[in-house]
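For reference, the structure is listed below as structure tokens.
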Amino acid sequence: MKRIKRKTTLEMLWPYFLRLLMERPMYVYELKKEVTSRFGFTFQLSAASRVLRKLQQDGHVVSEWRTEGRPRKYYRITPKGRELLESFRKYLTEMQSKFR
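Heads up, my numbering is the position in the sequence shown plus 1430, with the first residue counted as 1.
Pasting the structure below:
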């Protein structure tokens, strides 16, 4: 079970990030705090940065620097990211039904 949890959390951060970004734009540390409080696991900020960079390269999120207060890079989900998350949800539902 430990291996399954690792595979569906630490090794697969992108759906958690996209789900949270559906609510509002967030910066990397904010995403880390939200994942920890809502989903119950933690990870290195460097891992989050790698995942966000890949999501951005693939067009699933965009980023912008905000300078009011402390300068931070905020990430926002794109329509393509919303489609990916919806496809992932459908896939999970299909997989769950196969195990019933």
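Even glycine gets a Cβ: it sits at the ideal position worked out from N, Cα and C. All values derive from a computational prediction rather than experimental measurement.
- Inter-residue distance for THR1439 and ARG1468 is about 12 Å (C-alpha atoms, whole angstroms).
- In this structure, the straight-line span from the alpha carbon of LEU1514 to that of HIS1490 is close to 8 Å.
- Taking TYR1504 as reference, the option from VAL1481, PHE1447, TYR1457 and MET1452 with the minimal CA-CA separation is TYR1457.
- The Cβ atoms of LEU1475 and LYS1462 sit closer than 9 Å to each other.
- Collapsing the DSSP output to three states places MET1456 in a strand.
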